[in-house]
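Visitor: Could you have a look at this structure, given as structure tokens, before my questions?
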Amino acid sequence: MKRKGLKKPFTYQNPLIIPFFIPHAGCPFTCVFCNQWQISGTAEVVRPDEIDAYVAAYLKRARLHQDRHVEIAFYGGSFTALAPEIQTAYLQAAAEQQKKGRICGIRLSTRPDFINRAIVERLLAYGVTTVELGVQSLVDEVLQKTGRGHTAQDTLLAVELLREYPLQLGLQLMLGLPGDTPDRACLTLERAVQAAPDFVRIYPTLVFKGTTLAQWYLAKQYRPWSLDLAVDTAAAWLGTFSYYEIPVIRIGLQAAENFTKEQDLLAGPYHPAFGELVASRLFLWQIEDGLKRLRKGAEASENKGAGGPGREDTGKKRRRAPGESRGDEEGERGVLQLLVHPSVQSKVIGQKRQNIMFLREKYGYNVVVLPRSQKYRRSDEEIWEGGSATRSGEKPEAGKDGENEVEDIEIRTISQAILIPRKEFLKKYRIEIKDATLGERNEEAGVSEATGDPRV
Numbered sequence: 007m008k009r010k011g012l013k014k015p016f017t018y019q020n021p022l023i024i025p026f027f028i029p030h031a032g033c034p035f036t037c038v039f040c041n042q043w044q045i046s047g048t049a050e051v052v053r054p055d056e057i058d059a060y061v062a063a064y065l066k067r068a069r070l071h072q073d074r075h076v077e078i079a080f081y082g083g084s085f086t087a088l089a090p091e092i093q094t095a096y097l098q099a100a101a102e103q104q105k106k107g108r109i110c111g112i113r114l115s116t117r118p119d120f121i122n123r124a125i126v127e128r129l130l131a132y133g134v135t136t137v138e139l140g141v142q143s144l145v146d147e148v149l150q151k152t153g154r155g156h157t158a159q160d161t162l163l164a165v166e167l168l169r170e171y172p173l174q175l176g177l178q179l180m181l182g183l184p185g186d187t188p189d190r191a192c193l194t195l196e197r198a199v200q201a202a203p204d205f206v207r208i209y210p211t212l213v214f215k216g217t218t219l220a221q222w223y224l225a226k227q228y229r230p231w232s233l234d235l236a237v238d239t240a241a242a243w244l245g246t247f248s249y250y251e252i253p254v255i256r257i258g259l260q261a262a263e264n265f266t267k268e269q270d271l272l273a274g275p276y277h278p279a280f281g282e283l284v285a286s287r288l289f290l291w292q293i294e295d296g297l298k299r300l301r302k303g304a305e306a307s308e309n310k311g312a313g314g315p316g317r318e319d320t321g322k323k324r325r326r327a328p329g330e331s332r333g334d335e336e337g338e339r340g341v342l343q344l345l346v347h348p349s350v351q352s353k354v355i356g357q358k359r360q361n362i363m364f365l366r367e368k369y370g371y372n373v374v375v376l377p378r379s380q381k382y383r384r385s386d387e388e389i390w391e392g393g394s395a396t397r398s399g400e401k402p403e404a405g406k407d408g409e410n411e412v413e414d415i416e417i418r419t420i421s422q423a424i425l426i427p428r429k430e431f432l433k434k435y436r437i438e439i440k441d442a443t444l445g446e447r448n449e450e451a452g453v454s455e456a457t458g459d460p461r462v
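Take the sequence shown: its position 379, counting from 1, is numbered 385 in our numbering, and each next residue is one higher.
What follows is the structure in structure tokens.
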């Protein structure tokens, strides 16, 4: 994809963040969804003179690797909308931590309409390394209904300016805001990819008590998205960002320790493991894509067999797979083996085994998820003995240096096997980043206008 002249100057590193929340400080607007006091868990604004002691104590408690990247972060408000002297006080305190060698960088969050050249140069002068923009949406109708006070164009101009400087750029995005739809979420996704940020965060819209959105909800003027729709849409976002190599560093609310659903939340698609649900949904779509390809391969083999030589009988008796009964060989649908990297095994299985139960109910398989080594084993080569004439028609190909990608999935049934590389799957179902109507974009990307899930 061409990035229209915008370059990504950094490869995102996962730093240790020492957060300082400044709830609503500097922000000239109160968005309908916002109640930073509940999200950050504090009603007191941190003072600049508290930073030194807090950082020292934080690092003492933390168990750090010697080369771990550590940053101070100012979250919760619009930092660059603060009075210049207040910004300077915070930045000086943070810069002092850099001089002491305690941290490697400073990051902050702010509004797109409070970014200009003078502000950016002041941030750089004090050692700021990362700026996160509270974008939320890139559709003007959604921004207006939400009370953001800026336009999508304001965001794009801020991105263009920040790209002129050696700063990491992050975008904070929300789905399910007032006026948002799967179509509009698709447009936000497209424009966010075009902006080429170094990373993004994805949040579902939740209805917090004490907000304007809570009043709208109680008056039946706002209907939050269902958990299923929010997960589907976030999974489509995750897949597209991943395809374009834009890291998604957070999915779902990161609330304070004293946050409770019963006390603070009124409605909305909240789940304590929302990010896990999203990752699992994307794996489910990947598996279903593999099953679809296996069906096509089986049909092709049957058609070939009807018109000429079919599957060659080698005289070898096939060994049963682990967990496969004799009955599985004798006409039942049988075992579906999913060989995955150990680090993603729980995501493939799904929360409370949701993916396993879904596949069993829809396809009738007894699903077994097995860890695999990164390198192909001899058994993996044997299963493809005979080539495409005896299998689905697509022999798995090893990744770089013969290794699988972590998110690749190998699928095995009684008579077939196929490797579904994550990158290949995402290429097939990504959202095309080009000029087109929303309906055309959704159709080409394989995204349902009603639910946002790929048609696999």
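Backbone N, C-alpha and C define an ideal beta-carbon position, used for all residues, glycine too.
Does the Cβ-Cβ distance between LEU175 and VAL137 come in under 9 Å?
Guide: Along the sequence shown, read from residue 1 onward, the residue named residue 175 stands at position 169. Along the sequence shown, read from residue 1 onward, the residue named residue 137 stands at position 131. Yes, the pair counts as a contact, with Cβ atoms nearer than the cut-off.
Visitor: Anyone know if the C-beta pair for ALA242 and LEU179 falls short of 9 Å?
Guide: Along the sequence shown, one-based indexing puts residue 242 at 236. Along the sequence shown, one-based indexing puts residue 179 at 173. No, the pair does not count as a contact, with Cβ atoms beyond the cut-off.
Visitor: For ILE23, which option in VAL126, GLN142, ALA100 has the closest C-alpha, if you only look at C-alpha atoms?
Guide: Position 17 of the sequence shown holds residue 23. Closest option to ILE23, Cα to Cα, is ALA100.
Visitor: Whole angstroms are fine: how far does the CA of THR187 sit from the CA of GLY458?
Guide: Taking the sequence shown and counting its residues from 1, the one referred to as residue 458 is at position 452. Taking the sequence shown and counting its residues from 1, the one referred to as residue 187 is at position 181. The pLDDT assigned to GLY458 is 38, lower than 50, so where the model puts this residue is not dependable, and the model offers no usable value.
Visitor: Do you know offhand how far ILE28's Cα is from ARG378's?
Guide: As a working mapping, residue 28 is identified with position 22 in the sequence shown. As a working mapping, residue 378 is identified with position 372 in the sequence shown. Using only the alpha carbons, I get a separation of about 45 Å.
Visitor: Taking the continuous beta strand (DSSP E) assigned at ARG174, which residues delimit it?
Guide: By one-based count along the sequence shown, residue 174 stands at place 168. According to the sequence displayed, residue 174 carries Gln and not Arg. Looking at the DSSP string, the run of the beta strand (DSSP E) that includes GLN174 is 174-181.
Visitor: For the stretch 350-364 and the stretch 296-304, state whether three or more C-beta atom pairs, one from each stretch, are separated by less than 8 Å.
Guide: Verdict: no, contact absent.
Visitor: Counting only the same chain and skipping the five closest in sequence on each side, list residues whose C-beta sits under 7 Å from that of GLU446.
Guide: Against the sequence shown, residue 446 aligns to sequence position 440. At GLU446 the pLDDT is 41, less than 50, meaning the model places this residue with poor confidence and gives no usable figure here.
Visitor: Does DSSP classify PRO118 as helix, strand or coil?
Guide: Locating residue 118 in the sequence shown gives position 112, counting from the first residue. PRO118 falls in the helix class under three-state DSSP.
Visitor: Taking the alpha-carbon positions, what's the LEU149 to ILE439 distance?
Guide: Position 143 of the sequence shown holds residue 149. Position 433 of the sequence shown holds residue 439. In a straight line, the C-alpha of LEU149 is about 22 Å away from that of ILE439.
Visitor: Of the choices LEU235, THR161, GLY185, whose alpha-carbon is the least far from that of PRO203?
Guide: On the sequence shown, residue 203 is found 197 positions in, with the first residue counted as 1. Checked all of LEU235, THR161, GLY185; the closest Cα to PRO203 is THR161.
Visitor: Throw me the rounded Cβ distance for the ARG197 and LEU144 pair, which I believe falls under 8 Å.
Guide: For the purposes of this step, residue 197 is identified with residue 191 of the sequence shown, where counting begins at 1. For the purposes of this step, residue 144 is identified with residue 138 of the sequence shown, where counting begins at 1. The pair is a contact, with the Cβ atoms about 4 Å apart (cut-off 8 Å).
Visitor: Would you mind listing the alpha helix (DSSP H) stretches within the stretch 116-176 that are 4+ residues and don't spill past its ends, in chain order?
Guide: For the stretch 116-176, whole alpha helix (DSSP H) runs of length 4 or above, ordered along the chain, are 123-131, 146-152, 158-168.
Visitor: Closest to LEU130 by C-alpha separation, out of LEU168, GLN103, THR157, would be which residue?
Guide: Walking along the sequence shown from the start, residue 130 turns up at place 124. Selected option, being the one with the closest Cα: LEU168.
Visitor: What residues in its chain sit with their C-beta under 8 Å from that of VAL52, if we drop five residues either side in the sequence?
Guide: By one-based count along the sequence shown, residue 52 stands at place 46. So the list reads PHE26, PHE27, ILE28, TYR60, once near-sequence residues are dropped.
Visitor: Comparing alpha-carbon positions, which option in ALA240, ILE125, GLY82 lies nearest ALA89?
Guide: Looking up residue 89 in the sequence shown gives position 83. Answer by Cα proximity: ILE125.
Visitor: Tell me, please, which residues DSSP counts as bridged to GLY111.
Guide: Counted from its first residue, the sequence shown places residue 111 at position 105. Per DSSP, GLU77.
Visitor: Select from GLN104, THR239, SER84, ALA87 the residue whose C-alpha is nearest the C-alpha of HIS75.
Guide: Reading the sequence shown from its first residue, position 69 is the one you call residue 75. HIS75 has its Cα closest to that of GLN104, out of GLN104, THR239, SER84, ALA87.
Visitor: Tell me the rounded alpha-carbon separation between PHE280 and PRO184.
Guide: Counted from its first residue, the sequence shown places residue 280 at position 274. Counted from its first residue, the sequence shown places residue 184 at position 178. One C-alpha to the other measures close to 20 Å.
Visitor: Is SER286 buried or exposed, if buried means 16 or more other CB atoms sit within 10 Å of its CB?
Guide: Along the sequence shown, one-based indexing puts residue 286 at 280. Label assigned to SER286: buried.
Visitor: Can you tell me whether GLN422 is helix, strand or coil according to DSSP?
Guide: Position 416 of the sequence shown, counted from the start, is the residue given in the question as residue 422. Coil.
Visitor: According to the Cβ coordinates, are LEU344 and ILE424 closer than 9 Å?
Guide: Position 338 of the sequence shown, counting from 1, holds the residue named residue 344. Position 418 of the sequence shown, counting from 1, holds the residue named residue 424. The answer is no: Cβ separation not under 9 Å.
Visitor: Buried or exposed: which applies to GLU182, given that a residue is buried once 16 or more other Cβ atoms fall within 10 Å of its Cβ?
Guide: Within the sequence shown, residue 182 is the residue found at index 176, counting from 1. It should be pointed out that residue 182 corresponds to Gly in this sequence rather than to Glu. It is buried - the Cβ of GLY182 has at least 16 other Cβ atoms within 10 Å.
Visitor: For ARG190 and VAL38, I'd like the C-alpha separation in whole angstroms.
Guide: By 1-based counting over the sequence shown, the position of residue 190 is 184. By 1-based counting over the sequence shown, the position of residue 38 is 32. Straight-line Cα distance between these residues: approximately 18 Å.
Visitor: Have a look at GLU251 and PRO118 and give me their C-alpha separation to the nearest angstrom.
Guide: By 1-based counting over the sequence shown, the position of residue 251 is 245. By 1-based counting over the sequence shown, the position of residue 118 is 112. Approximately 23 Å between the Cα atoms of the pair.
Visitor: Output needed for PRO54: all residues of its chain with C-beta closer than 6 Å, excluding positions within five of it in sequence on either side, in chain order.
Guide: Against the sequence shown, residue 54 aligns to sequence position 48. Contacts found: ALA95, TYR96, ALA99.
Visitor: Do you know whose CA, among THR239, PRO210, ARG256, ALA273, lies nearest LYS226's CA?
Guide: Your numbering for residue 226 matches position 220 in the sequence shown. Ranking THR239, PRO210, ARG256, ALA273 by Cα distance to LYS226 puts ALA273 first.
Visitor: Is VAL346 helix, strand or coil when you go by DSSP?
Guide: Working through the sequence shown from its first residue, we reach residue 346 at position 340. DSSP places VAL346 in strand when its eight states are reduced to three.
Visitor: Leaving out five residues before and five after LEU177 in sequence, what residues of the same chain have Cβ atoms less than 7 Å from its Cβ?
Guide: Taking the sequence shown and counting its residues from 1, the one referred to as residue 177 is at position 171. Hits under 7 Å: LEU139, VAL141, ALA198, ALA201, PRO203, VAL206.
Visitor: Quick check on the burial criterion: 16 or more other C-beta atoms within 10 angstroms. Buried or exposed for ARG67?
Guide: The sequence position of residue 67 within the sequence shown is 61, counting from 1. Exposed, by the Cβ-count rule.
Visitor: Identify which residue in ILE437, ILE420, VAL412 has its Cα closest to the Cα of ILE426.
Guide: Indexing the sequence shown from 1 puts residue 426 at position 420. Considering only alpha carbons, the answer is VAL412.
Visitor: Based on Cα-Cα distance, which residue from ALA220, TYR64, THR211, TYR249 lies nearest to TRP231?
Guide: What you label residue 231 is simply residue 225 of the sequence shown in a count that begins at 1. Nearest C-alpha to TRP231: THR211.
Visitor: In chain order, what are the residue ranges of uninterrupted alpha helix (DSSP H) at least 4 long that sit wholly in the stretch 180-256?
Guide: Within the stretch 180-256, the complete alpha helix (DSSP H) runs of at least 4 residues are 188-201, 218-224, 233-249.
Visitor: What's the call for LEU219, buried or exposed, on a 16-neighbour Cβ count within 10 Å?
Guide: Position 213 of the sequence shown, counted from the first residue, corresponds to residue 219. Buried, by the Cβ-count rule.
Visitor: By a C-beta neighbour count over all protein chains shown, 10 Å radius and 16 as the cutoff for buried, is PRO275 buried or exposed?
Guide: By 1-based counting over the sequence shown, the position of residue 275 is 269. The residue in question, PRO275, is buried, as its Cβ has 16 or more Cβ neighbours within 10 Å.
Visitor: My output table needs one value for ARG20: the three-state DSSP class, helix, strand or coil.
Guide: Mapped onto the sequence shown, residue 20 falls at position 14. Looking at the sequence provided, one finds Asn at residue 20 rather than Arg. It is coil, neither helix nor strand.
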